[in-house]
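Heads up: the sequence shown is residues 199 to 644, going by this note's numbering.
Notes to accompany the following structure.
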Amino acid sequence: MTTHLESGAQLSTTTLLRFATAGSVDDGKSTLVGRLLHDSKSILTDQLEAVEQVSLSRGQEAPDLALLTDGLRAEREQGITIDVAYRYFATTRRRFILADTPGHVQYTRNMVTGASTAELAVVLVDARNGVVEQTRRHAAVAALLRVPHVVLAVNKMDLVDYAEPVFAAIAEEFTAYAASLGVPEITTIPISALAGDNVVEPSAHMDWYGGPTVLEHLETVPVSHDLTACHARFPVQYVIRPQTAEHPDYRGYAGQIAAGVFRVGEAVSVLPSGRTTTITGIDALGESVDIAWAPQSVTLRLADDIDISRGDLIAPAADVPPVTQDVEATVCHVADQPLSVGQRVLLKHTTRTVKAIVKDIPSRLTLDDLSQHPAPGQLVANDIGRVVVRTAEPLALDAYADSRRTGSFLLIDPADGTTLSAGMAGAAFATAPEPVVVDDDAEWDF
């Protein structure tokens with residue numbers, strides 16, 4: 199008999215996978231998520247009873263599992279997903295954080311939010327319709343966000359008589375498209391979320407398919423978000439100087455390690471100043487340690503009294519990010535108010551927030567065919583485009599392709615603090631870097 203303590207200890211040793219679902223309207227995303235939670239026994243009895251009651255009141259004989267994630271009243275009334283629904287569940291093999299994202303094109307910004315921290319994206323298509331424009335949009339967003347694993351779930355196979363040729367044609371078309379965007383790994387699975395085929399249990403109707411179920415793939419896919427293997431980065435959040443009788447000379451720099459590993463004795467640089475020093479101590483949970491790694495929250499002690507404040511970045515002296523005031527990036531505009539050339543904004547990068555100005559918007563991306571609309575002048579809600587931003591102070595900024603943590607930033611309205619755009623520094627797609635030509639006039643305000 200397993201005790202609660204033993205079960206918790208076992209759970210704590212499992213890995214964590216963050217994944218998002220995406221797809222066109224009515225492709226069955228919420229039903230898939232509901233089936234996944236139901237068949238893996240990850241929902242409470244009262245939750246299932248509530249879903250059954252609502253389903254019966256609508257005249258449905260079987261419970262509508264989509265109701266497990268579509269929690270907003272508007273979502274239930276319209277039968278669509280509007281907001282990002284996060285669900286947490288676990289099996290004996292892995293813990294999961296799931297983001298069920300909307301399918302409508304006007305909620306592209308919601309999908310960007312849900313997929314921004316995902317290591318895997320499940321893109322659904324209706325087997326009757328195949329790859330449609332919204333499928334390509336979501337594949338493009340996953341590629342832009344550098345999601346390392348993409349699963350194509352060909353849903354509603356029961357409505358095409360579980361025909362292998364139908365699945366094979368869709369899988370071939372999507373795989374070729376996603377590969378052209380630079381998606382590193384693509385897995386295709388034929389499913390029926392409504393009937394439960396190949397979601398948690400293998401299907402009895404598709405003996406021609408010998409691959410994993412959706413859950414089996416989620417449990418076994420390599421978790422490639424090992425932050426300790428990335429460039430070491432430590433954004434300073436707070437400077438600790440007790441100046442007490444017990445600690446008269448203590449000076450520490452607290453924060454969360456964004457990526458990589460730091461060791462006592464290691465030579466580091468403080469950016470953007472570029473001053474070099476050595477780590478003399480690392481304090482974690484009130485104790486001194488010799489080594490610390492992402493995503494631990496620690497305090498670093500340095501050999502020299504350097505002018506360091508919140509927003510500075512500490513990195514190994516031999517592996518520092520470039521420091522710049524000219525940021526070229528791809529942004530997804532999330533605010534209802536537009537982003538325009540010449541607009542003054544705040545740029546928030548890790549723990550640093552600086553004044554900035556939008557110098558140029560060279561192009562807007564058309565996700566339908568990945569064409570570029572040149573010089574749009576502004577970006578409106580759900581637009582994805584290239585921007586050139588000039589900052590008032592230097593930033594130590596990685597390329598997003600190298601580090602999703604220290605290569606991302608937010609553009610904020612300085613008047614009311616509204617988030618305007620989410621940015622990804624560097625090239626847009628892994629296989630198609632686009633040069634940005636900037637008309638560098640001398641009319642900077644700073």
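No residue lacks a Cβ here, since even glycine has one placed at the ideal position from N, Cα and C.
What you are looking at is a predicted structure, and each value in this text was computed from that prediction instead of being measured.
Helix, strand or coil for A319, going by three-state DSSP, please let me know. In this structure, A319 counts as strand in the three-state DSSP scheme.
Assess contact between the segment 364-375 and the segment 321-341, defined as three or more Cβ pairs (one per stretch) separated by less than 8 Å. Is contact present? Contact between the segment 364-375 and the segment 321-341 is present, because at least three Cβ pairs lie under 8 Å.
Can you have a look at A354 and say buried or exposed, based on whether 16 or more other CB atoms are within 10 angstroms of its CB? In the sequence as displayed, the identity of residue 354 is Lys instead of Ala. Looking at its Cβ environment, which holds 16 or more other Cβ atoms inside 10 Å, K354 is buried.
Let me make sure I understand the geometry here. Which of H531, V231 and Y451 has the alpha-carbon closest to that of L416? Checking every option, the nearest Cα to that of L416 belongs to V231.
Does the separation of the CB atoms of A554 and R603 fall below 8 Å? Contact: no.
Could you pull the start and end residues of the beta strand (DSSP E) that P400 belongs to? For P400, there is no enclosing beta strand (DSSP E), since its DSSP letter is neither H nor E.
Take A599 and list the residues in its own chain whose beta-carbon comes closer than 8 Å to its own, dropping the five residues that flank it on each side. Counting only residues of its own chain and dropping the five nearest sequence neighbours on each side, A599 has a CB closer than 8 Å to the CB of R344, G605, G624, A625 and A628.
DSSP-derived helix/strand/coil call for T279: Confidence is the limiting factor: at T279 the pLDDT is only 44, short of 50, which leaves the residue's position unreliable, though a coordinate-based value still follows. Of the three classes helix, strand and coil, the one that applies to T279 here is coil, per DSSP.
Using beta-carbon positions only, say whether V529 and S601 come within less than 8 Å of one another. Not closer than 8 Å, so no.
Alpha carbon to alpha carbon, what distance is there between V466 and T476? When rounded, the distance between both Cα atoms is 6 Å.
A482: buried (16+ other C-beta within 10 angstroms of its C-beta) or exposed? Exposed: under 16 other Cβ atoms inside 10 Å.
Around the C-beta of T418, are 16 or more other C-beta atoms found within 10 angstroms, so that it is buried, or is it exposed? Exposed: under 16 other Cβ atoms inside 10 Å.
In angstroms, rounded to a whole number, what distance separates the CA positions of L234 and V532? Distance between the alpha carbons of L234 and V532: 30 Å.
Do L537 and L577 have their C-beta atoms within less than 8 Å of each other? Yes, the Cβ-Cβ distance between L537 and L577 is below 8 Å.
What does L608 pair with, by DSSP beta-bridge criteria? For L608, which the question treats as bridged, DSSP gives the partners K546 and A620.
May I ask you to report which of helix, strand or coil DSSP gives P363? The answer is helix: DSSP assigns P363 an H, G or I state.
What is the DSSP secondary structure of N580, counted as helix, strand or coil? In the three-state reduction of the DSSP assignment, N580 falls in the coil class, being assigned neither a helical nor a strand state.
Are the CB atoms of T299 and G312 nearer to each other than 8 Å? Going by C-beta atoms, T299 is nearer than 8 Å to G312.
Can you tell me whether G463 is buried or exposed? The criterion is at least 16 other CB atoms within 10 Å of its CB, across all chains shown. Label assigned to G463: exposed.
Nearest to G615 (by Cα), restricted to the options Q535, V539 and I455: Ranking the options by Cα distance to G615, first place goes to Q535.
On a CA-only basis, which of V398, A457, D581 and I389 is nearest M309? Give me that one, please. Comparing Cα positions, the closest option is D581.
Helix or strand or just coil, what does DSSP make of R602? In the three-state reduction of the DSSP assignment, R602 falls in the coil class, being assigned neither a helical nor a strand state.
Assign T290 to one of three DSSP states: helix, strand, or coil. For T290, the secondary structure class from DSSP, reduced to helix, strand or coil, is coil.
T333 - containing alpha helix (DSSP H), residue span: It spans E331 to L342 - the alpha helix (DSSP H) in which T333 sits, taken as one unbroken run.
Please say whether R542 and G726 have beta carbons closer to each other than 8 Å? In the structure as shown, the chain begins at 199 and stops at 644. Residue 726 is therefore absent and cannot be evaluated.
Considering Cα atoms alone, identify which of T385, G472 and V556 is closest to A594. Of the candidates T385, G472 and V556, the one whose C-alpha sits nearest the C-alpha of A594 is G472.
Determine the DSSP secondary structure at H415, reduced to helix, strand or coil. Look at H415 here: in three-state DSSP terms it is helix.
Alpha carbon to alpha carbon, how far is T522 from G450? Answer to the nearest angstrom: the Cα atoms are 26 Å apart.
What residue does the alpha helix (DSSP H) around V310 start on, and which one ends it? Run containing V310: T306 to A313, per the alpha helix (DSSP H) assignment.
By the three-class DSSP mapping on this structure, what secondary structure does R562 have? For R562, the three-state secondary structure derived from DSSP is strand.
Burial state of Y436 (16 or more Cβ within 10 Å): Counting the other Cβ atoms within 10 Å of the Cβ of Y436 gives fewer than 16, which makes it exposed.
Using the beta-carbon count (16 or more within 10 Å), is L379 buried or exposed? Flag for L379 reads buried.
Starting from C530, follow its DSSP beta bridges and name the residues at the other end. Looking at the DSSP output, C530 shares a beta bridge with I582 and A620.
What would DSSP say about A613, mapped onto helix, strand or coil? In the structure shown, A613 sits in coil (DSSP, three-state: anything other than H, G, I, E or B).
Compare the C-alpha of T474 against each of S228, E383, A513 and A490 and name the closest. Measuring from the Cα of T474, the nearest candidate turns out to be A513.
Going by beta-carbon coordinates alone, are G453 and V468 separated by less than 8 Å? Not a contact, by the Cβ cut-off of 8 Å.
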